[in-house]
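Going by my numbering, the letters in the sequence shown line up with residues 1 to 407, in that order.
Encoded as structure tokens, the structure appears first; notes follow it.
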Amino acid sequence: MTERRKTRQIHVGNVAVGGDAPISVQSMTITKTADVEGTLQQIYALNMAGADIVRCTCNEQAAAEGLAQIVPRSPVPIVADVHNNHLMALAALEAGVHCLRLNPGNIRKPEHIKLVASEAKDRGVPIRIGVNAGSLDRDLYEKYGKATPEALVESAQIELRYFEEVGFDDVKISVKASNVPLMIESYRQLSAVTDHPLHLGVTEAGPPPAGLIKATAGMATLLAEGIGDTIRYSLTADPVEEAKAGRQLLEAMGLRERRGLDLIACPSCGRAEIDVIQVAKDAQAALEAENLPIQVAVMGCVVNGPGEAREADIGIAAGRQRGHLFVKGQVVRVVPEDEMVQALLEEARLLVSEGVDARLAAADAGAEAEAEADRLALLGEQGADANASEQKVDLIRKTMEDGQPHK
Ligand code: SF4
């Protein structure tokens, strides 16, 4: 991956954004902000799922009053999302929020923009300039004929200039679009002309799985190019899914330390000795409940499983009605097949509390030899071509030659 681009650093409450700060995960509540207890409950759930910063809408006075109660009790910094009415931005500042998000397409009067920026400056509160292709400033839409990367970037720059007129530059910027190529190109262009931290997102990505794929395509492409300081998945789903996805994306790209489970599983094939999909699901459910920060492998057979998953902290491979439990590729125990998920869970707990060396030292004597015997027996039964592909190819050729089916 390309080295991360240098951006200046701002602080959203106690979370640093930009510079060398870890890339942060954001999400947004879907409760009415006036519902203080309901909103706080969701904020806590989002935080548990991986959100570092949470945004709440501030669309009416009751929402701003709710924020006054929510902010002091929140486990993470709160951003107030403001559209249309600049008074809501002022009210959110009174409530003590840690950041504002303003949409330049919706609050358009320069005197309103400057008043909000100047108040934010006095209180040391940063603002996200949140440009959105779907609500682009009307004048820019007319100038460019449609939402283009140039139009989105210019919208952000116009807003920045208003801020600069009152001496305010505590700013991060987003140029979101629901069209992935447009989103990618907009951020590339923006990143070339500013060193403000960038908040990435594909807006209105829709429900999973398509929404997850769109958002990941856009954000992962930019992150791999070193662009992006904070991210948000905009999914039509429980926002906990957004926070989880954000965290998982950063962990998968090696941009944040793993703090939860990473389950890898083989895709299964003709060699599989178990229902890999079901066992992987059962293992995921059992291990996720424990929130252990390890990589776990579920492999369908002992022929290739332990070797292919040797980088995993721990794993299980099936073979001859038995589960072969391995730690860092070394088989440590062989258990009956119907006990394999339970055995995996117990070993995972021990691994986290005792460490790899201790668990390797506690391996059952002979486990490796038993696994090797099972592996050789399976190879003997199935041969090297478990899917019988060569045999099938021969039958296809015969059928094509003589026009007759062959059994
Ligand atoms: S060879 Fe074994 S581990 Fe590899 S995909 Fe097939 S069943 Fe899974």
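Backbone N, C-alpha and C define an ideal beta-carbon position, used for all residues, glycine too.
As the structure is a prediction and not an experimental result, all values here were calculated from the model.
Range covered by the alpha helix (DSSP H) that runs through residue i
i, result
"Arg408", "There is no way to answer for residue 408, as the model of the chain reaches only from 1 to 407."
"Ser118", "Pro110 to Arg123"
"Asn132", "Unbroken run through Asn132 is the beta strand (DSSP E), Ile127 to Asn132; no alpha helix (DSSP H)."
"Gly13", "Note, Gly13: premise wrong, no alpha helix (DSSP H); not H, not E."
"Pro306", "Gly305 to Glu308"
"Gly380", "Ala367 to Gln382"
"Gly38", "Val36 to Ala49"
"Phe163", "Pro149 to Glu165"
"Leu140", "Arg138 to Tyr144"
"Ala280", "Val276 to Glu288"
"Lys398", "Ser389 to Asp402"
Residue i in three-state terms, based on DSSP
i, result
"His86", "helix"
"Ser24", "strand"
"Gly66", "helix"
"Ser6", "Checking the sequence, you will find Lys at residue 6 rather than Ser. DSSP places Lys6 in coil when its eight states are reduced to three."
"Ala318", "strand"
"Lys176", "strand"
"Leu198", "strand"
"Ile30", "coil"
"Val79", "strand"
"Val71", "helix"
"Leu182", "helix"
"Val193", "helix"
"Leu292", "coil"
With 16 other Cβ atoms within 10 Å as the buried cut-off, status of residue i
i, result
"Lys143", "exposed"
"Met28", "buried"
"Leu160", "buried"
"Pro267", "exposed"
"Ala297", "buried"
"Ala484", "Lying before the first or after the last residue shown, residue 484 is absent from the chain, which here runs from 1 to 407."
"Leu376", "exposed"
"Asn84", "exposed"
"Ile127", "buried"
"Thr102", "Looking at the sequence itself, residue 102 is Leu, so the reference to Thr does not match. Flag for Leu102 reads buried."
"Ala488", "Since the first residue of the chain shown is 1 and the last is 407, residue 488 is not available in this structure."
"Asn132", "buried"
"Glu154", "buried"
"Lys244", "buried"
"Gln248", "buried"
"Val193", "exposed"
"Gln42", "buried"
"Asp229", "buried"
"Gly403", "exposed"
"His406", "exposed"
"Val393", "exposed"
"Thr57", "buried"
"Gln26", "buried"
"Ile129", "buried"
"Glu273", "buried"
"Ala117", "buried"
Range covered by the beta strand (DSSP E) that runs through residue i
i, result
"Thr57", "Ile53 to Thr57"
"Pro336", "Gln330 to Pro336"
"Met1", "No beta strand (DSSP E) holds Met1; DSSP gives it neither H nor E."
"Gln295", "Gln295 to Met299"
"Leu100", "Cys99 to Leu102"
is_contact[residue i, chain D] using C-beta, thresh 9 Å
i, result
"Gln382", "Note that chain D does not occur in the displayed structure, where there is just one protein chain."
Note to self: Please give the ranges of any alpha helix (DSSP H) in the segment 209-274, keeping only runs that are unbroken, at least 4 residues long and fully inside the region.
What the structure shows: 210-224 and 239-252
* Contact shell at 5 Å, judged by CB to any heavy atom of ligand 3, ordered along the chain -> Of the ligands one can find in the structure shown, namely ligand 1, none is ligand 3.
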